[in-house]
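Asker:
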Amino acid sequence: MAPDWFTLIAQIVNFLLLVWLLKHYLFARVVRAMNEREASIASRLEAAARTHASAEQEAETFRTRNREFEEERDEMLARAREEAASHRQQLLEAARRDVDNAQAEWLAMLNREREDLLLDFRERLSGGVVAVARQGLRQLASADLERQILDNFEGRLRTLDAAEREAIAAALRDSDHAVEIRTAFPLLPEAQERLSRSVHEQLGDGVGARFVTAPELICGIELRAHAYHLTWNLDAYLEDVEARVFETLEESVREHEAAR
Amino acid sequence: MHVTPDSIIFWQAGPLKINATLVFTWLVMAIMVVSSWLVTRRLSRGTSLSRGQNLLEILVGGIQGQIRDVTRQDSDRYLPFIGTLFMFVAVSNVLMIVPGFRPPTGSISTTIALALCVFVAVPAYGIADHGLKEYLKAYVRPSVLMLPMNVLGELTRTFALALRLFGNVMSGTMIGAILLAIAPLFVPVIANVLGLLVGLIQAYIFAILALVFIASANAAHEEARGSATTNASEEMIDG
Numbered sequence: 226m227a228p229d230w231f232t233l234i235a236q237i238v239n240f241l242l243l244v245w246l247l248k249h250y251l252f253a254r255v256v257r258a259m260n261e262r263e264a265s266i267a268s269r270l271e272a273a274a275r276t277h278a279s280a281e282q283e284a285e286t287f288r289t290r291n292r293e294f295e296e297e298r299d300e301m302l303a304r305a306r307e308e309a310a311s312h313r314q315q316l317l318e319a320a321r322r323d324v325d326n327a328q329a330e331w332l333a334m335l336n337r338e339r340e341d342l343l344l345d346f347r348e349r350l351s352g353g354v355v356a357v358a359r360q361g362l363r364q365l366a367s368a369d370l371e372r373q374i375l376d377n378f379e380g381r382l383r384t385l386d387a388a389e390r391e392a393i394a395a396a397l398r399d400s401d402h403a404v405e406i407r408t409a410f411p412l413l414p415e416a417q418e419r420l421s422r423s424v425h426e427q428l429g430d431g432v433g434a435r436f437v438t439a440p441e442l443i444c445g446i447e448l449r450a451h452a453y454h455l456t457w458n459l460d461a462y463l464e465d466v467e468a469r470v471f472e473t474l475e476e477s478v479r480e481h482e483a484a485r
Numbered sequence: 150m151h152v153t154p155d156s157i158i159f160w161q162a163g164p165l166k167i168n169a170t171l172v173f174t175w176l177v178m179a180i181m182v183v184s185s186w187l188v189t190r191r192l193s194r195g196t197s198l199s200r201g202q203n204l205l206e207i208l209v210g211g212i213q214g215q216i217r218d219v220t221r222q223d224s225d226r227y228l229p230f231i232g233t234l235f236m237f238v239a240v241s242n243v244l245m246i247v248p249g250f251r252p253p254t255g256s257i258s259t260t261i262a263l264a265l266c267v268f269v270a271v272p273a274y275g276i277a278d279h280g281l282k283e284y285l286k287a288y289v290r291p292s293v294l295m296l297p298m299n300v301l302g303e304l305t306r307t308f309a310l311a312l313r314l315f316g317n318v319m320s321g322t323m324i325g326a327i328l329l330a331i332a333p334l335f336v337p338v339i340a341n342v343l344g345l346l347v348g349l350i351q352a353y354i355f356a357i358l359a360l361v362f363i364a365s366a367n368a369a370h371e372e373a374r375g376s377a378t379t380n381a382s383e384e385m386i387d388g
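Laid out in structure tokens, this is it:
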């Protein structure tokens, strides 16, 4: 079983030849192909990783933008709600103001109307009272109304107390020592004479009297000594009547409001 | 019955002769080279591969992996030699099941030739890596007394490698022939299946052993050089 030397050498040559051939036709080519494929896969994986990273970054950007958008939207909604509430409040206040103004105007108008009504009423009432009084006095006595008034005024002059007399005397000292007697009706000469006499008796002989007609005095007579006035007319009675009428009207308004 | 295909001579002129070993070697070489050329002339660099390329890539990739595992070095330096060794032995042994085929690995001349190639490759790689002087120094380490032991180790290793492959392949063929004579029905089929397995295992063992010899010789030289360098630097520090 000794080796055949020629075969042995030939086999060595064959083997070396086979190594060279396979190195050339098999190993080098296959290894190169495998390396190239590995490199290409690696580069594709790297590109994919880059793309993935970029996509991730983009997604993160979009997420951030979405978050910001939502925050902005919430903020805008909150602001809009706040503005709407404030606007509503303003409108309500304006409406309330308008209503208050309208109410105030209405009340003022009502008051004016009431006052006008009362004034008119008072004028009519005073006219009526005077007419009634005049008619009543005329019917009750033979003397006319002026005479009654003069009598009444004379009585008043006679019943002046000391303080009133002193006040009239002081007023006369500051003036021209004359009193002015104003009447709603023109006085007859007898009546003027009689009144002058009463003045002399009550205030002193040196005191003169001037007679003036003043229609605004309602059925009355007035003595003026500079700043002092001594008056008798129906105005005081009329004011009393007016006060009562006002009181009755106020009560009626209160009852009406309570009922409403 | 021919124990070895060397004895089947087709043509002879003096010392020159063409026997079955050479003819079947050429046949195996032709099959390997032609099929490699056929597959590798149109290689795909992309992800879609032909079946042949896929097979070759698996084979080459597997051999590369084994080389990397054993040597812990770059596989490209050893791939052509170790890969050819493994594939030649494997293809020869696998073709054993073809009737009439005599595996060239069943010839002691072939196995000795392969073992001699390994025997030469070990110092060739060593010298290529470290230079002739450094490589030869390794034989007298740790002392000159070890020189005969080292040389004897190299020789016996090569001889053992050759005999192991020859014995296994030859015995497989012989057992097949004997079984055929004793029990010609079914039993030789099982023996052939076993022969296939043994043939592939032998191819693997032969290639791995060659690789281990080359790699360990290189590693031993590197270790020796490393310790020599360490000693020299220690001496310098002491000095």
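One line per chain: the protein sequences are A and B, in this order.
Under this note's numbering, the first residue of the first sequence carries the number 226, and numbering increases by one thereafter.
Under this note's numbering, the first residue of the second sequence carries the number 150, and numbering increases by one thereafter.
A virtual CB, placed ideally from N, CA and C, is assigned to each residue, including glycine.
1) Which bits of chain A does Phe237(B) rub up against, with CB to CB less than 8 Å?
2) Among all the DSSP beta bridges, which residues are the ones paired with Ile339(B)?
3) With 16 other CB atoms within 10 Å as the buried threshold, where does Gln351(B) fall?
4) Just to confirm the assignment, what range does the alpha helix (DSSP H) spanning Val182(B) have?
5) Beta carbons nearer than 8 Å to chain C: which residues of the region 169-185 of chain B have them?
6) Run down chain B in chain order and give the residues with a C-beta less than 7 Å from the C-beta of Phe252(A).
7) What number of angstroms, rounded off, separates the C-alpha of Val418(B) from the C-alpha of Ala272(A)?
8) For a quick check, are the C-beta atoms of Glu405(A) and Val437(A) less than 8 Å apart?
9) So, with DSSP's three-state summary, where would you put Thr153(B)?
10) Which stretch, first to last residue, makes up the beta strand (DSSP E) that contains Phe250(B)?
11) Quick one: what does DSSP say Val437(A) is sitting in, helix, strand or coil?
12) Going by DSSP, which residues form a beta bridge with His454(A)?
13) Please confirm if Ala309(B) has its CB atom under 8 Å from at least one CB of chain A.
14) So Thr174(A) is in the beta strand (DSSP E); what residue range does that whole segment cover?
15) Under 8 Å by Cβ, that's how I've got Ser265(A) and Arg194(B) pegged, so tell me the actual separation to the nearest angstrom.
16) Based on DSSP bridge pairs, tell me the residues matched to Ile158(B).
17) If I follow the unbroken alpha helix (DSSP H) through His392(B), where does it start and stop?
18) I'd like to know whether the C-beta of Ile157(B) is nearer than 8 Å to at least one C-beta of chain A.
19) Please classify Ser292(B): does DSSP put it in a helix, a strand, or coil?
20) What is the DSSP secondary structure of Gln222(B), counted as helix, strand or coil?
21) Tyr227(B) and Leu360(B) look like a contact to me (Cβ under 8 Å); what is the Cβ gap, rounded to whole Å?
Answerer: Let me spell this out:
1) Phe240, Leu243
2) According to DSSP, which records beta bridges pairwise, Ile339(B) is partnered with nothing at all.
3) buried
4) 169-189
5) This model lacks chain C altogether; the protein chains it does include are A and B.
6) Val209, Leu228, Pro229, Gly232
7) There is no way to answer for residue 418(B), as the model of chain B reaches only from 150 to 388.
8) yes
9) coil
10) No beta strand (DSSP E) contains Phe250(B), which DSSP labels as neither H nor E.
11) strand
12) Arg449(A)
13) no
14) Any answer about residue 174(A) is impossible in this case: the structure gives chain A only from 226 up to 485.
15) 7 Å
16) Asn168(B)
17) Outside the shown range of chain B, which is 150 to 388, sits residue 392(B), and nothing can be said about it.
18) no
19) coil
20) coil
21) 6 Å
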